[in-house]
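Participant: Note that the protein sequences, when read in sequence, are chains H and U.
Numbered continuously in the UniProt record's numbering, the first sequence closes out at residue 348.
Numbered continuously in the UniProt record's numbering, the second sequence closes out at residue 348.
Where a beta carbon is used, it is the ideal one built from N, C-alpha and C, also for glycine.
For clarity, every value in this text was computed on a predicted model and none was experimentally measured.
Sharing a structure with you now.
Protein chains: 2
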Amino acid sequence: MTVTLADVAARAQVSPATVSRVLNGNYPVAATTRERVLRAVDELDYVLNGPASALAAATSDLVGILVNDIADPFFGIMASAIQSEIGGPGGRAGGERLAVVCNTGGSPERELTYLTLLQRQRAAAVVLTGGAVEDAPHAAAVASKLRKLADAGTKVVLCGRPPAPDTGAIALTFDNRGGGRELTEHLIGLGHRRLGYIAGPEERTTTRHRLEGHRAALEAHGIEEDARWTVYGRYDRQSGYEATLELLRRDPSLTAVVAANDSVALGACAALRDSGLRIPDDVSVAGFDDLPFSIDAVPSLTTVRLPLAEAGARAGRIAMGREEAPPGGIATIRGELMVRGSSGGPRG
Amino acid sequence: MTVTLADVAARAQVSPATVSRVLNGNYPVAATTRERVLRAVDELDYVLNGPASALAAATSDLVGILVNDIADPFFGIMASAIQSEIGGPGGRAGGERLAVVCNTGGSPERELTYLTLLQRQRAAAVVLTGGAVEDAPHAAAVASKLRKLADAGTKVVLCGRPPAPDTGAIALTFDNRGGGRELTEHLIGLGHRRLGYIAGPEERTTTRHRLEGHRAALEAHGIEEDARWTVYGRYDRQSGYEATLELLRRDPSLTAVVAANDSVALGACAALRDSGLRIPDDVSVAGFDDLPFSIDAVPSLTTVRLPLAEAGARAGRIAMGREEAPPGGIATIRGELMVRGSSGGPRG
DNA sequence: AGCGTCACAGCAAGCGCTTTCTATGTCATA
DNA sequence: TATGACATAGAAAGCGCTTGCTGTGACGCT
């Protein structure tokens, strides 16, 4: 039924070995023979059997990309960049690799299961994007999995994720703390003294780091934080909306709201508007990430730009061995403060 | 070095066959034996060799999802929904399947290459999302590929894509024409008579269908279209920005701008604002898709909501054989007009 | 008591490919 | 002309798993 290497070999009047060599192009084959084989391949419409070849060669051309939420452009942009460097079809790299994007939905179990699945497929490389969960047992489980992958020859790269010591994984980490600090300092510089903070899910490293930066800025300027000023939520618009209403309820005198990311910030803007407050006249708003839509908000969003595409591309190249790993296997990528219309001096 | 089935078998004092059966659970194995095997698996930290198993069983648990642009939430949302039904880790389905998202970047060649790669991996199913390219040779090549995939037992589902006759592919198509028409009729109903249209890439089916709907509405209301009122571009914000400036240059008296999708519409809004025009007082704007950010635009965007998540979920279920295919293998999914702040009566 | 049934477990034959090693013909060199 | 050296091609041994078929006791039945 299905055409095999042997069929091609028969048709081209050569041995299967020769066909394999033509297809893999890593062994001298006379031009005329090669052409004959290629013609047979074409005529029979032969397609290599991936599993068989992976089994025999003990390698695979699968590259896994783990993301928390594929519907979120934050991850989409990174995944896209990673993939373009993986050299899937059309990429620069020679060999065709199948870049597979796996959506963990932020669930630790799924993350682990996907890693196992990739291990099972003997993936050539794995790139994990986005923050990690701080749950100790899970972190240990992931670390052990990563070590096993690395030991089995799979290249492991973390993109926008804190380093995983002793796992052999290369880490490109975002400086969430520094960005958070810079952002809040900008607001403080404008004169704000009462700032609400809408954090992401409490157990995520990204959440904690950004919040730490925010608090560091407050502290550096002698602003004592009110416990009511922080609300935890999810990394989405709705969460931002609800959290903002909650903040307003807790302390209507807030003059600025700092959000965990841009989506949350947009939700915050909507809530403020719905509460009859003007941005930035009454309340300033700041986001994080600088996703494409942030510039289209009205007023456009003050935020911290993370070079997602660049980081992804670099992660992809490292995963493919086309770029050297940073010294120590760890690189910190800084964000850039983007001051736009959503932030201004406090009212009055 | 690496642990194999045989190692587990030796440790559990059973034959490899038994271990395989325990792992696949499709053959009676005594409870005590099973437990012994499972313990050995655990102790040895055994991970099945995917390629070997796929080769021997002549099936794979890979499911491919093709998207045009993974950084675009339009595709991200569908991919996410498809994947959740595929039953990757955490999904409802029992068997663990690896859902792989492939980013074609809208390139026909890449699309074809990815299909071949998936064919090579003997994918269990393939879901193609988004519009197709209208280039005849390419369409034929894709159709032939789809037929081969279907013949080889791979389930092929099109989600948000026009049907591919005689390929055995199930199609869930968006009613882009109907949506486009409804949208423009809404604007005409408001009193607009001079409407600019910012189309997507000319060679895409989605572009053509939406534009056809727009024109049908114009015609139905006896509005003669000016050739200057249509500009082609890409499906992104920047394209919308530039196209709007171009439209304004060509005919400053336009009172409404209809965009190929929401991202383009946002770009249009930005261009209008930068040109000193108010929305909708001076010019109304309409988008398409109703992506999450559209409601956050100021004013919020009038658009056509496409049930991306629902369609994706359905496509996923069909691909898994957990839902029956629609009669005739084709279902048309309608959009819903969402009237919001960006559209109003023409000035004056 | 004799024998068919049933529930398990093992044997062994591949699945379709890669790759090492070996064979063969062709040259250039001595 | 004899002889390496070299360029190619083939034979064959797996890669690690699945599965059809073949045992083999333990049971229940007449």
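In its own chain, which residues sit with a C-beta less than 8 Å from the C-beta of residue 30 of chain H, not counting the 5 before and 5 after it?
Facilitator: As a working mapping, residue 30 of chain H is identified with position 30 in the first sequence. Correct list: empty, nothing qualifies.
Participant: Please work out which residues of its chain come closer than 7 Å, Cβ to Cβ, to residue 349 of chain H, disregarding the five sequence neighbours upstream and downstream, and give them in chain order.
Facilitator: Only positions 1 to 348 of chain H appear in this structure, which leaves residue 349 of chain H out of reach.
Participant: Let's test the definition: count the other Cβ atoms within 10 Å of the Cβ of residue 176 of chain U and tell me whether it reaches 16, buried, or not, exposed.
Facilitator: As a first step, residue 176 of chain U must be located in the second sequence, where it is residue number 176. Residue 176 of chain U should be labelled buried.
Participant: Could one say the Cβ of residue 13 of chain U lies closer than 8 Å to chain H's Cβ atoms, at least one of them?
Facilitator: Start at 1 with the first residue of the second sequence, and residue 13 of chain U comes out as number 13. No - not a single Cβ of chain H is within 8 Å of the one on residue 13 of chain U.
Participant: Between the segment 179 to 202 of chain H and chain U, which residues of the former have a C-beta closer than 7 Å to a C-beta of the latter?
Facilitator: From the segment 179 to 202 of chain H, no residue has a Cβ closer than 7 Å to chain U.
Participant: Using DSSP bridges, identify the partner residues of residue 198 of chain H.
Facilitator: For the purposes of this step, residue 198 of chain H is taken as residue 198 along the first sequence, with counting starting at 1. Partner(s): H:231 and H:259.
Participant: Please identify the residue among U:139, U:214, U:129 and U:213 whose C-alpha is closest to the C-alpha of residue 173 of chain U.
Facilitator: Taking the second sequence and counting its residues from 1, one reaches residue 173 of chain U at position 173. For residue 173 of chain U, the nearest C-alpha among the options comes from U:129.
Participant: Label residue 78 of chain H either buried or exposed according to how many other C-beta atoms from any shown protein chain fall within 10 Å of its C-beta, with 16 as the threshold for buried.
Facilitator: Taking the first sequence and counting its residues from 1, one reaches residue 78 of chain H at position 78. With 16 or more other Cβ atoms within 10 Å, it is buried.
Participant: Using a C-beta to C-beta distance shorter than 7 Å, which residues of chain U count as neighbours of residue 50 of chain H?
Facilitator: Here residue 50 of chain H corresponds to residue number 50 of the first sequence, with the count starting at 1. Residues of chain U passing the Cβ test: 120, 121 and 122.
Participant: I'd like to confirm the pairing. Which residues does DSSP put opposite residue 103 of chain H in its beta bridges?
Facilitator: Along the first sequence, one-based indexing puts residue 103 of chain H at 103. DSSP, once it has assigned bridges, lists H:67 as partnering residue 103 of chain H.
Participant: Taking 8 Å as the CB-CB limit, is residue 113 of chain U close to chain H?
Facilitator: For this step, residue 113 of chain U is matched to residue 113 along the second sequence. Judged by the 8 Å Cβ criterion, residue 113 of chain U is in contact with chain H.
Participant: Residue 126 of chain U by DSSP, collapsed to three states: which one?
Facilitator: Numbered from 1 along the second sequence, position 126 holds the residue referred to as residue 126 of chain U. Strand.
Participant: Below 8 Å between beta carbons: does that hold for residue 169 of chain H and residue 141 of chain H?
Facilitator: As a first step, residue 169 of chain H is located in the first sequence; it is residue number 169 there, counting from the start. As a first step, residue 141 of chain H is located in the first sequence; it is residue number 141 there, counting from the start. Their beta carbons are not under 8 Å apart, which means residue 169 of chain H does not touch residue 141 of chain H by this criterion.
Participant: Closest to residue 214 of chain U by CA distance: which of U:146, U:295, U:230 and U:203 is it?
Facilitator: By 1-based counting over the second sequence, the position of residue 214 of chain U is 214. When only C-alpha atoms are compared, the closest one is U:230.
Participant: Considering only their Cβ atoms, is the gap separating residue 54 of chain U from residue 122 of chain U smaller than 8 Å?
Facilitator: As a position in the second sequence, residue 122 of chain U is number 122, starting the count at 1. As a position in the second sequence, residue 54 of chain U is number 54, starting the count at 1. It is a contact, given that the beta carbons lie within the stated cut-off.
Participant: Note down, in chain order, all residues in the segment 286 to 313 of chain H with a beta-carbon under 7 Å from any beta-carbon belonging to chain U.
Facilitator: So the close ones are 292, 293, 296, 297 and 298.
Participant: Would you call the segment 56 to 71 of chain H and the segment 98 to 105 of chain H touching, i.e. three or more CB-CB distances under 8 Å?
Facilitator: They touch, by the three-pair rule.
Participant: So, under 8 Å CB-CB, residue 117 of chain U and residue 96 of chain H are touching, yes? Tell me the CB distance rounded to an integer number of Å.
Facilitator: For the purposes of this step, residue 117 of chain U is taken as residue 117 along the second sequence, with counting starting at 1. For the purposes of this step, residue 96 of chain H is taken as residue 96 along the first sequence, with counting starting at 1. About 6 Å; that satisfies the 8 Å criterion.
Participant: Is the segment 248 to 265 of chain U close to the segment 280 to 288 of chain H, with three or more CB pairs under 8 Å?
Facilitator: No: fewer than three Cβ pairs fall under 8 Å.
Participant: Nearer than 7 Å: is that true of the beta carbon of residue 51 of chain H relative to any heavy atom of the ligand ADP?
Facilitator: Although the ligand ADP was asked about, the structure shown includes no ligands whatsoever.
Participant: Quick check: residue 292 of chain U and residue 342 of chain U, are their CB atoms within less than 8 Å of each other?
Facilitator: The residue given as residue 292 of chain U occupies position 292 in the second sequence. The residue given as residue 342 of chain U occupies position 342 in the second sequence. Going by C-beta atoms, residue 292 of chain U is not nearer than 8 Å to residue 342 of chain U.
Participant: Taking residue 347 of chain H as the reference, give the member of H:194, H:266 and H:338 with the closest Cα.
Facilitator: Taking the first sequence and counting its residues from 1, one reaches residue 347 of chain H at position 347. The option with the nearest alpha carbon to residue 347 of chain H is H:194.
Participant: Roughly how many angstroms lie between the CA atoms of residue 278 of chain H and residue 202 of chain U, to the nearest whole one?
Facilitator: Mapped onto the first sequence, residue 278 of chain H falls at position 278. Mapped onto the second sequence, residue 202 of chain U falls at position 202. If I take the Cα positions, the gap works out to 41 Å.
Participant: Answer with yes or no whether the minimum CB distance from residue 175 of chain U to chain H is below 8 Å.
Facilitator: For the purposes of this step, residue 175 of chain U is identified with residue 175 of the second sequence, where counting begins at 1. Taking Cβ atoms only, chain H never reaches closer than 8 Å to residue 175 of chain U, which makes this a no.
Participant: Starting from the beta carbon of residue 2 of chain H, find every residue of chain U whose beta carbon is closer than 8 Å, and list them in chain order.
Facilitator: In the first sequence, the residue the question calls residue 2 of chain H occupies position 2. Going along chain U in sequence order, the residues near residue 2 of chain H (Cβ under 8 Å) are 152.
Participant: At a CB-CB cut-off below 8 Å, which residues of chain U make contact with residue 77 of chain H?
Facilitator: Looking up residue 77 of chain H in the first sequence gives position 77. Near residue 77 of chain H (Cβ distances below 8 Å), the residues of chain U are 71.
Participant: Among all the DSSP beta bridges, which residues are the ones paired with residue 284 of chain H?
Facilitator: If you number the first sequence from 1, residue 284 of chain H lands on position 284. Answer is H:256, bridged to residue 284 of chain H.
Participant: Would you say the segment 32 to 50 of chain U touches the segment 4 to 15 of chain U, given that touching needs at least three Cβ pairs under 8 Å?
Facilitator: The segment 32 to 50 of chain U, when compared against the segment 4 to 15 of chain U, does touch it at the 8 Å Cβ threshold.
Participant: Can you tell me whether residue 272 of chain H is helix, strand or coil according to DSSP?
Facilitator: On the first sequence, residue 272 of chain H is found 272 positions in, with the first residue counted as 1. In this structure, residue 272 of chain H counts as helix in the three-state DSSP scheme.
Participant: Using a Cβ cut-off of 9 Å, pull out every chain U residue sitting near residue 237 of chain H, in sequence order please.
Facilitator: Along the first sequence, read from residue 1 onward, the residue named residue 237 of chain H stands at position 237. The contacting residues are 292, 293, 295 and 296.
Participant: What span of residues does the beta strand (DSSP E) with residue 333 of chain H cover, start to end?
Facilitator: As a working mapping, residue 333 of chain H is identified with position 333 in the first sequence. Element bounds for residue 333 of chain H: 330 to 333.
Participant: Which residues of the segment 260 to 278 of chain H have a Cβ closer than 9 Å to any Cβ of chain U? Give them in chain order.
Facilitator: Flagged, chain order: 263, 266, 267, 269, 270 and 273.
Participant: If residue 4 of chain H and residue 18 of chain H are in contact, beta carbons under 8 Å, what's the gap, nearest whole angstrom?
Facilitator: Reading the first sequence from its first residue, position 4 is the one you call residue 4 of chain H. Reading the first sequence from its first residue, position 18 is the one you call residue 18 of chain H. No, residue 4 of chain H and residue 18 of chain H are not in contact; Cβ-Cβ is about 14 Å, not under 8 Å.
Participant: With DSSP collapsed to three states, give me the class of residue 82 of chain U.
Facilitator: Here residue 82 of chain U refers to the residue found at position 82 of the second sequence. Helix, per DSSP.
Participant: Helix or strand or just coil, what does DSSP make of residue 337 of chain H?
Facilitator: If you number the first sequence from 1, residue 337 of chain H lands on position 337. Strand, per DSSP.
Participant: Could you spell out where the alpha helix (DSSP H) holding residue 171 of chain U opens and where it closes?
Facilitator: Sequence index remark: in the second sequence, residue 171 of chain U carries index 171 (1-based). Segment 170 to 174 is the beta strand (DSSP E) holding residue 171 of chain U; no alpha helix (DSSP H) there.
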